[in-house]
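Worksheet: the structure to be examined is printed underneath.
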Amino acid sequence: MRPAHPLTISLVVALTLTACDQPGADASAYRYEAPSEVPAITALTEGLATEAVARTAQDLARWRELVAAPPDAPPEYPPAPEDATPSAPPECSGALPWMDAPPVTTDLTPGDLSPFDHLGMRVAVFGGWLVAGVDGDDGASLDDGAVRVWRREAAGWNAAGQLSPTRVAPEAHFGWDVAIHRDRVAVAAPGATVSDFADAGAVELFAWTAAAGWASADRVAAPQPSLGARFGETVALGADRLVVGAPGELAERGAVYVFASTGAGWELEARLITPAPATGDLLGTSVAEDRGVVVAGAPEARDGDGAAWVFERTAAGWGPARPLIAPGVAPGARFGGAVAVARGLVLVGADEDSPGALDAAGSVTVFALVDGAWRVRTRLLDLVPAAGAHFGAGLRFDGAIAAVGAWSGAGAAAQTGAVMLFAPAKGGWARLARLTDPSGLAGDRLGVGVALGDGVVAAGAWASDGVAVDAGRLLVFEYGGCDPTASAAARE
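Heads up: the sequence shown is residues 88 to 579, going by the numbering used here.
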């Protein structure tokens, strides 16, 4: 097992609009240009290209209203005064001063991993809990999978057990994706056999109580399981909704399922598809949900160009799919490979995008709902875009901070992986930090699995060989001045 090392942190100063307009402004900041719906590339200093996009005072006011809205209220976009500016949401990640100092970093990688366990393929964090998938774990059979659990105590992170499937099956890959909200964890097993259909997929729900700890509480599957549907390829979990992607359904056209909590279990609320699905689209490869808004990616649509769709819940039910259009994204970009939504903003990853003719450097496009339409606000790039970095393959956004993984980005060595942090701010979207692992090796793939919240950024490197071949690795970056219990409560 490799010895733990402090992680390399490249802090980037974010500038306000005023600073960006001054001579010699740092190229790391986003600034406003003349109003336009189409983002432009603007070289600021030393030839470093960065995105610059218009945003009116009214757009900023909408964001302020969204972050102040009750968590369970549907998104609303009321008019606001011209001089309005955004305010941060009431949670740890909204208070940017907590990033003034480098984070405390911890390597949580257990020493008992086995070859091809794939720890950290997906990770999730909430309220002092951290869960990480180990989909290649051979618990009772080959690749049946598991989930490792940690809890943050006063003295640091402590291992808090393991979640195992109640229905063991070879190659179920339990832990392929994970999600956590309050005292619930959703664990995907897209390779599970259901009603004799191989790879039909299922999702198991766990609940925590002081008396019993984490225990299985429910298991959901598609009402009509089908061969190769891979129900559970991705999952998103909220206060009262579970969203599940099934990209292999209907000859890989794909579908997304929405379940509502009844208190006693989960009830199917909707099955979401696109207006004209095509074979191989893989809708549901990525999913995200926030306040009655579901975003789903179909990265293989249009011959690999990719697509992403928004579904919104109204009093009448779930509305039709609304496409997200991103001008300037290169052909074959796999737009929609990762998605995130929070507080009225949608982020879509395209890890094979080629900004500046850099093949597969990757990008993330940010959308906001303006005048009833989802429009591009900006496009996020790595600090120094590099060919083959796959920036945007991992993506999380909590409404104040976005964590973007680039699994082949440069760290201490080439292709070790990196995670970039961004935040919407007064001057636009600003780069906050670039997180890398100095002990990482080429091919570790740090940043495919990323999670953030409560002053914590977690990143998995599922292909790390530190303990065993492809056993995986899990790193935690913690910023000070944050009470995870209080901040999690604030989000509710």
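Ideal placement from N, C-alpha and C gives every residue a C-beta, glycine not left out. Bear in mind that the values here come from a model prediction, so they are computed numbers and not experimental data.
Exposure of residue i, with buried meaning 16 or more beta-carbon neighbours within 10 Å
i	result
G352	exposed
G57	The structure shown has nothing for residue 57, since the chain only spans 88 to 579.
T253	exposed
P364	buried
A575	Reliability fails at A575, whose pLDDT of 48 lies under 50, so the model's placement of it is uncertain and the value that follows must be treated cautiously. The residue in question, A575, is buried, as its Cβ has 16 or more Cβ neighbours within 10 Å.
V416	buried
D390	exposed
G220	buried
G350	exposed
G431	buried
P442	buried
T172	Here T172 scores only 27 on pLDDT, less than 50, and its place in the model should not be relied on; the value that follows carries that caveat. T172 is exposed by the Cβ-count criterion.
D228	The sequence shown places Ser at residue 228, not Asp. So S228 ends up on the exposed side.
A448	buried
A241	exposed
G243	exposed
G406	exposed
Check whether residue i and residue j have beta carbons under 8 Å apart
i	j	result
R421	D438	yes
G551	G540	Note on identity: in this sequence residue 551 is Ser, with Gly being the wrong assignment. Cβ distance not < 8 Å, so S551 and G540 don't count as in contact.
V212	V543	yes
D368	R340	yes
P362	T372	no
G232	A259	yes
Q249	R269	no
R239	G215	yes
R317	G536	no
S313	F284	yes
V506	A546	yes
A493	D469	yes
D580	L561	Any property of residue 580 remains undetermined from this structure, which presents the chain solely from 88 to 579.
G498	G527	yes
A402	V435	no
L522	F509	no
V380	L411	no
S495	G481	no
Own chain residues within Cβ distance below 7 Å of residue i, not counting five before or after
i	result
G459	none
D485	S180, A429, L539, G540
P157	Bear in mind that a pLDDT of 34 at P157, under 50, signals an unreliable position, so the model cannot answer this.
D392	P418, G419, A420, F422
P310	L355
A304	L292, F293, A294
N245	W237, R238
A490	R483, V506, L508, V537, L539, V544
Contact set for residue i: own chain, Cβ-Cβ below 6 Å, skip 5 residues either direction
i	result
G223	F203, D204, H205, D230
A444	none
A375	A323, V382, V426, A427, V428
V281	A287, A289, A308, P312
P168	Summary for P168: the model assigns pLDDT 26, below 50, so the residue's position carries little reliability; its value from the coordinates is reported in the next sentence. For P168, where only same-chain residues beyond five positions count, there are no Cβ hits under 6 Å.
V191	E565
A394	A385, A388, G423
V556	P202
D446	A474
G226	A233, S251
L359	V343, F398
S348	D327
A338	T366
R400	G379
Other residues of its chain near residue i: CB distance less than 8 Å, five sequence neighbours each side excluded
i	result
G319	W263, D264, A275, A276, P277, A279, G288, A289, V290, V331, G332, A333
G404	A357
Segment contact, 8 Å Cβ cut-off, at least three pairs: the stretch 442 to 459 with the stretch 333 to 347: Contact annotation: the stretch 442 to 459 does not touch the stretch 333 to 347, with fewer than three C-beta pairs closer than 8 Å.
Three-pair Cβ contact test at 8 Å for the stretch 323 to 330 versus the stretch 295 to 302: no
Three-pair Cβ contact test at 8 Å for the stretch 529 to 538 versus the stretch 187 to 201: No: fewer than three Cβ pairs fall under 8 Å.
Touch test, the stretch 473 to 480 against the stretch 510 to 523, Cβ-Cβ under 8 Å, three pairs minimum: no
Continuous alpha helix (DSSP H) assignments of at least 4 residues falling wholly in the stretch 357 to 407: Listed in chain order, the alpha helix (DSSP H) runs fully inside the stretch 357 to 407 are 388 to 391, counting runs of at least 4 residues.
Length-filtered (3 minimum) beta strand (DSSP E) runs lying within the stretch 242 to 321: 243 to 250, 265 to 268, 271 to 276, 289 to 296, 300 to 307
4-residue-minimum alpha helix (DSSP H) runs that sit fully inside the stretch 497 to 553, ordered along the chain: Entirely contained in the stretch 497 to 553, not one alpha helix (DSSP H) run reaches 4 residues.
Within the stretch 395 to 475, ranges of the beta strand (DSSP E) (whole runs, at least 3 residues): 425 to 429, 432 to 437, 450 to 457, 460 to 467
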